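See below for the structure under consideration.
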Amino acid sequence: MPMCRKPPQTPADDDPEFIKRQDQKRSDLDEQLKEYINEWRKQRAKEEDELKKLKEKQAKRKVSRAEEEQRMAQRKKEEEERRQREVEEKKQREIEEKRQRLEEAEKKRQAMLQAMKDKDKKGPNFTIAKKDSGVLGLSSAAMERNKTKEQLEEEKKISLSFRIKPLAIEGFNEGKLREKAQELWELIVKLETEKYDLEERQKRQDYDGWEELGKEVNEKIWNEKKEQYDGRQKSKLPKWFGERPGKKAGDPETPEGEEDAKADEDVLEDEDEVEEEVVEEEEAEEGEEEEEEEEEEEEEEEEEEEEEEEEEEEEEEEE
């Protein structure tokens, strides 16, 4: 028969051995927990120390980055200031160069006007230089067209700065101010008169050279007609043997002689006609030029009379 096992017996609560074992287990567990707690505290202290070092490192890195950014910003600012200074210096140099060029041009213009005043008033006293149609002329015109509105305004200001001198009227009383105003008015009248004279002379000079040009054209037409006549096809009559029927006294012996004589007469007639046409054209051109000059002189006299009347009226008003 099989053997039957006995069920385990539960120790009694008052068994001293059981109590002792329980206390021993509890003390072992407490010791183990203490070790775990101590280990955890050490690990946490280590992690806190590493975290503190990491934060300090981040703070140092942040400070160094801020210092580096500050240095870069300072360097960038210095470079920008240096670039601005270079731009301003370049701009000032360009303005100074433009000012010098305009001053030289103004001096030349004033010298030319003074020379024109000293010359005889009857004949043309100045020459307007025609612009060449070469590369230089085109490039300068292109440069003028490519200038911006700001550049043109700047050049205008520079030109006016030394053309228009500032008025020294500080401390002037009423009488001196009136004298200064009268002086400025006379200067304006003088400049407007010179401007008008220059414009009229330029208009007259536009017709200068037409006479020579007409001669050249007529000469060219004459040469073309002469070449055309010389290159014509000549037809000859057959030769006669013996005495030609119908021959009169004084006639040439052969038709070739008649033909040559007739050709000479035709050439002389053509030459006379061309010369008459050229003379008529020249006389017509001279008559037109004389009429234009008379009209211009009459207009100038009328304008001078009007200016004198205006000056007399102004003097009467001032009195």
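One rule links them: number in the numbering used here = place in the sequence shown (from 1) + 515.
Glycine included, every Cβ here is placed at the ideal spot set by N, Cα and C.
Because the structure is a prediction, the values reported are computed rather than measured.
Please report how far the alpha carbon of R600 lies from the alpha carbon of E618, in whole angstroms.
A straight-line Cα-Cα distance of about 26 Å links R600 and E618.
Exposed or buried, K646, counting other C-beta atoms within 10 Å across all chains shown (16 or more means buried)?
Low per-residue confidence applies at K646: pLDDT is 47, beneath 50, and the placement is therefore not dependable enough to give any value.
Measuring CB atoms only, is the segment 711–720 touching the segment 806–820, in the sense that at least three cross pairs come out at less than 8 Å?
Yes, since at least three Cβ pairs between the segment 711–720 and the segment 806–820 fall closer than 8 Å, the two stretches touch.
By the three-class DSSP mapping on this structure, what secondary structure does P531 have?
In this structure, P531 counts as helix in the three-state DSSP scheme.
Per-residue burial, T642 [other beta carbons within 10 Å of its own, 16 or more giving buried]
Its pLDDT being 49, under 50, T642 is placed unreliably in this model, and the value from its coordinates should be taken loosely. By the 10 Å Cβ count, T642 comes out exposed.
I'd like the span of the alpha helix (DSSP H) that includes D712, first residue to last.
E689 to Q720 is the span of the alpha helix (DSSP H), which, as asked, contains D712.
Secondary structure of Q743, DSSP reduced to three states:
In the structure shown, the three-state DSSP call for Q743 is helix.
Comparing C-alpha positions only, which one of Q720, F533, Q589 and W700 sits nearest to E811?
That would be Q720, whose Cα lies nearest to the Cα of E811.
Please confirm whether E800 and G729 have their CB atoms less than 9 Å apart.
Less than 9 Å divides the Cβ of E800 from the Cβ of G729.
In whole angstroms, give me the CA-to-CA distance for L569 and R590.
Going by the C-alpha atoms only, they are around 31 Å apart.
Three-state secondary structure assigned by DSSP to Q589
Note: Q589 maps to helix in three-state DSSP.
Is the separation between the beta-carbon of E791 and that of N733 shorter than 9 Å?
Contact check for E791 against N733 fails: the beta carbons are separated by 9 Å or more.
Between the CA atoms of M631 and N738 - distance to the nearest angstrom:
Spanning the two alpha carbons is a distance of roughly 41 Å.
Cβ atoms of T708 and E611: under 9 Å apart, would you say?
Note that the C-beta distance between E611 and T708 is not below 9 Å.
What does a CB cutoff of less than 6 Å around N688 pick up in its chain, not counting 5 residues either side in sequence?
Closer than 6 Å at the Cβ level, and outside the excluded window around N688, lies no residue.
If K613 sits next to E670, beta carbons under 8 Å apart, how far is it from one beta carbon to the other, in whole angstroms?
The beta-carbon separation of K613 and E670, rounded to 6 Å, stays under the 8 Å limit for a contact.
Suppose only complete runs of 4+ residues qualify. What are the alpha helix (DSSP H) ranges in the segment 536–561, listed by chain order?
Those alpha helix (DSSP H) runs which fall completely within the segment 536–561 and span 4+ residues do not exist here.
Alpha helix (DSSP H) runs contained entirely in the segment 796–833, provided each spans 4 or more residues
Complete alpha helix (DSSP H) runs here, min 4: none at all.
By how many angstroms is the C-alpha of S542 removed from the C-alpha of K535?
Across the structure, K535 and S542 are spaced so that their CA atoms are roughly 11 Å apart.
Straight-line gap, A683 to V704 (C-alpha atoms, nearest Å):
The alpha-carbon atoms of A683 and V704 are separated by roughly 21 Å.
Taking the straight line between their C-alpha atoms, what separation do you get for R802 and L706?
A small fix is needed here, since residue 802 is Gly in this sequence, not Arg. Each residue's Cα considered, the two are about 33 Å apart.
Please look up how many angstroms separate the CB atoms of R678 and E621, rounded, as I've assumed it's under 8 Å.
Taking C-beta atoms under 8 Å as the contact rule, R678 and E621 qualify, at a distance of about 6 Å.
Nonlocal neighbours in the same chain, by C-beta distance under 8 Å from P531, ignoring five residues either side:
The answer is none, since no qualifying residue turns up.
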